[in-house]
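In what follows, a single structure is set out as structure tokens and then discussed.
Protein chains: 2
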Amino acid sequence: MSSGPSISDLDGVYANAIQAGIKEGGYDLSYIYVPDALASAGVFTKNQCPASSVIHTRKALKRGVFKVIVVSSGNANAGTGEKGASDTQQIVKSVAKKLGLKQSEVAVAATGIIGKRLPLDKVQLGIEALFKDAYQKHGEQVAEGILTTDTFTKTAYTSQKVGKKTVQVAGIAKGSGMIAPNMATMLGFLVTDAKVSSAFLQRALTEAVGKTFNRISVDTDTSTSDMVLVLSTGKVAIAENDPAQAQAFKSTLTEATHQLAQQIIRDGEGAKTVIEATVKGAITHTGAEEIARHIIDSPLVKTAIHGQDPNWGRILMAIGKSQGTKINQKKLMINIQNNRVYQEGAPTDFDLEQLRQSLDTDTVSIEVDCQLGTGTATCWGCELTKGYIDINTAYN
Amino acid sequence: MSSGPSISDLDGVYANAIQAGIKEGGYDLSYIYVPDALASAGVFTKNQCPASSVIHTRKALKRGVFKVIVVSSGNANAGTGEKGASDTQQIVKSVAKKLGLKQSEVAVAATGIIGKRLPLDKVQLGIEALFKDAYQKHGEQVAEGILTTDTFTKTAYTSQKVGKKTVQVAGIAKGSGMIAPNMATMLGFLVTDAKVSSAFLQRALTEAVGKTFNRISVDTDTSTSDMVLVLSTGKVAIAENDPAQAQAFKSTLTEATHQLAQQIIRDGEGAKTVIEATVKGAITHTGAEEIARHIIDSPLVKTAIHGQDPNWGRILMAIGKSQGTKINQKKLMINIQNNRVYQEGAPTDFDLEQLRQSLDTDTVSIEVDCQLGTGTATCWGCELTKGYIDINTAYN
């Protein structure tokens, strides 16, 4: 979807993918390697039944900076118990040995079906082939290699002046279903050349994820394998203690995660139309986010949009589901595609046919003004279609 | 679905329905009348954008005992502002006048599309016709008259010895979509002959709803018009201060609401298969309920069941979504249709084909043992099908 340099176009970043035979056809084993990585950070799923890749990588991150990310797709190696955990450990060991790294310097991620063990033999052979020459520059192949039910690759590139230097962020992501990040996300991997500490990078990533990956939902389901990782090559020194520079870097990173999140929601299983719900005038930002989330998560709003039905009554219902923040239905104002459809507790005299036609589009915007405070938030969801049922009835 | 006496078979309970022209075809204006009602209670939607019927009836209940319930179907008269509220008031006034009651003795309920005003002229003519003779005994017609997208009527009847007397509870309900009660329910109306105080009846109803109507979900959406009401004729004196008698009455009422809740979930839009999720061994009952709710609410579990796929990986994912209670994935045990599919952190060696075939049934049971405590709960949901998409893409 987005153009621009790939992750391996950044100096000091290497990437490659091969077909190891984990899934049927296509690249399924990938790496991103930053041999001189100076900082790393990660945000992980809050699912209480995480995959062994999540458990390992979360632990590794606590020990220091990781320098390589190895990703398998087609199999999440989740719910596979001690044997699955031991498979993950084997992969980590092999990669560490190949690259002369400590095991805690190897991050692993896996995506695909839950509950099946990885074909370890194939993965081991794949690792041998992949790291014969670890200094490859095939970022586009990795963007492809991490996909499962996705219908297109998701890449982002941003750059911005931070102080007198230009810093770059490049990233890739995968995700299409089981998308309702909870303090984490699908798989997302980013690299930057900004020289910052891991602590600062962690804060910046957490903030970026909170505003982007955590504000999209395809189906309210939270994967057991989600993670977003970022690695810094440290080539471009910036002053992270300078508030302006810190902010400039954070906005660059956030813009990159925003681009990726938008591509994920655009690729929502079975969906063509994105629903963008913006809430303002809530008592708090958190309250606004809760309301926006109820709108994008409502199956009845999602099916109405799919049917090109500007059914504001269902939007009103979804707003009213909020229990954590106050709402006054007499003060509420609801816009669909910039048309006011509801105010002062009742529908306006809008042109139904015209509005209905305006829903035949890529993105439907729903705006809510609570007129109670200054809280604002935007969340993104997608329509619910028979395509979603098809994909998920048959996926196994 | 269930047989037995209708609500108006109880002594002192009158009921009738007519076709007033609110919706196309079928009964759409109904009443349940208990002229000598001695107690009443109600539980209402927690949706913050309630319909004017909810606002009126909640208020009426605070003032005392109501004696008649008037229900319109096909139009929820929600989101219709002051004009809609004034329509509701007009209905209340007319019914009160006809029956010689105070306005606070008239409960109103409405169900159907949100955001359209009622055809008040037709409703007024309907009230004239309906209450020409208010002493009718057509409970079955009322069970039919309160339906919208439902495919069958929902009725319940229970009776039990309380002390030396036999008390009866009869009820009706409607609901098929927009079903995720939040401290309330769809429409449900019950009558009993047990002579109890309104305060006791309220406690009993709140408890019954919490265990039954509030444990079902079709689509996680919470209606703006939900209410469950109960009226007592007071014909059978019981000792509500006697713990055994109090408990006996509560269990009779709970059994009636359970029967109705089961019929609603069985009629879930587009669904044929009910998903029954029972969780035990959680740290608390609330924790068990949270886990069970995540299972029945997960679109990916629902589509898997629809595809007759015993996808325990998605069940594990749904369990892990719980944030309010602790889970240990190594201790978890998961059964599908009484077959152990997961324990000690990994899948068992179950017979996939046999289990797959066992999912071609009316009710699929999912049992989870957390092995952490004594908390238990059961929740009921239904599969997610193309039928749901059809119904809700076109409904307006």
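Taken in sequence, the protein lines are chains A and B. With the first letter of the first sequence counted as 1, position 53 gets the number 52 in numbering that gives the first Met the number 0; the numbers rise by one all the way through. With the first letter of the second sequence counted as 1, position 42 gets the number 41 in numbering that gives the first Met the number 0; the numbers rise by one all the way through. Glycine included, each C-beta is placed from N, C-alpha and C at the ideal position. On a predicted model such as this, the values are computed, not experimentally measured, just so you know.
In chain order, what residues of the same chain lie with their CB nearer than 6 Å to the CB of residue i, ignoring the 5 residues before and after it?
i      : result
B/M332 : Q342 and D368
B/M0   : Its pLDDT being 41, under 50, B/M0 is placed unreliably in this model, and the coordinates cannot settle the point.
B/R292 : C378
B/N334 : E366
A/Y134 : Y13
B/W35  : Before going further, note that residue 35 of chain B is Asp rather than Trp in the sequence given. Correct list, in chain order: G11.
B/N463 : Shown here, chain B extends from 0 to 395; a query on residue 463 of chain B therefore has no answer.
Leaving aside the five residues before and after residue i along the sequence, list all residues of the same chain whose C-beta is less than 8 Å from its C-beta, in chain order.
i     : result
A/K22 : S72, G73, N74, G111 and T147
So, residue i versus residue j, is the Cβ gap smaller than 8 Å?
i      : j      : result
A/G170 : A/I6   : yes
B/G380 : B/I295 : yes
B/G125 : B/I17  : yes
A/K234 : A/G11  : yes
A/Y26  : A/A14  : no
A/K271 : A/N181 : no
A/Q201 : A/A40  : yes
B/D361 : B/V273 : yes
A/Q370 : A/K330 : yes
A/A303 : B/N76  : no
A/I318 : A/I282 : no
A/A207 : A/H284 : no
A/M185 : A/A108 : no
B/A193 : B/V161 : yes
B/I215 : B/A247 : no
B/L119 : B/Q89  : yes
A/T56  : B/M316 : no
A/A38  : A/S197 : yes
By a C-beta neighbour count over all protein chains shown, 10 Å radius and 16 as the cutoff for buried, is residue i buried or exposed?
i      : result
B/R62  : exposed
A/E81  : exposed
B/K279 : buried
B/S85  : exposed
A/L351 : exposed
A/E239 : buried
A/T253 : buried
A/E104 : buried
A/Q353 : exposed
B/D348 : exposed
A/P4   : exposed
B/N327 : exposed
B/D24  : Sequence inspection shows Gly at residue 24 of chain B; the Asp mentioned does not correspond to that position. Looking at its Cβ environment, which holds fewer than 16 other Cβ atoms inside 10 Å, B/G24 is exposed.
B/T219 : buried
What number of angstroms, rounded off, separates the C-alpha of residue i from the C-alpha of residue j?
i      : j      : result
B/K131 : B/R265 : 37 Å
A/L228 : B/K173 : 49 Å
B/V122 : B/E268 : 28 Å
B/K101 : B/G78  : 26 Å
B/T232 : B/Y32  : 10 Å
A/Q336 : B/I68  : 40 Å
A/S93  : A/G286 : 47 Å
A/K320 : B/C48  : 8 Å
B/A276 : A/T154 : 40 Å
B/S364 : A/T384 : 27 Å
B/I314 : B/Q322 : 15 Å
B/S250 : B/T165 : 13 Å
A/L230 : B/I54  : 55 Å
B/W311 : A/A345 : 45 Å
A/G114 : B/P309 : 12 Å
B/V70  : B/S52  : 9 Å
Tell me which same chain residues have a C-beta within less than 7 Å of the C-beta of residue i, skipping the five on either side of it?
i      : result
B/H257 : T211
B/A128 : I17
A/P242 : none
Write down the C-beta distance between residue i and residue j rounded to the nearest angstrom, noting that I regard them as a contact closer than 8 Å.
i      : j      : result
A/V190 : A/I237 : 15 Å between Cβ atoms; not a contact.
A/T223 : A/A106 : No, A/T223 and A/A106 are not in contact; Cβ-Cβ is about 17 Å, not under 8 Å.
B/A245 : B/V168 : Incorrect: roughly 14 Å between the Cβ atoms, too far for contact.
B/T205 : B/V42  : 6 Å
B/L28  : B/G144 : 7 Å
B/G306 : A/A142 : That pair is no contact at about 30 Å.
B/R116 : B/G138 : Between B/G138 and B/R116 the Cβ distance is about 29 Å, and since that is not below 8 Å, they are no contact.
When you measure from the CB of residue i to every non-hydrogen atom of the ligand MN, does any distance come out below 7 Å?
i      : result
B/N337 : Absent from the structure shown: the ligand MN. Ligands present: none.
- Positions along the segment 206–223 of chain A whose CB lies within less than 7 Å of some CB in chain D: Checking the listed chains, one finds no chain D in this structure; the protein chains it contains are A and B.
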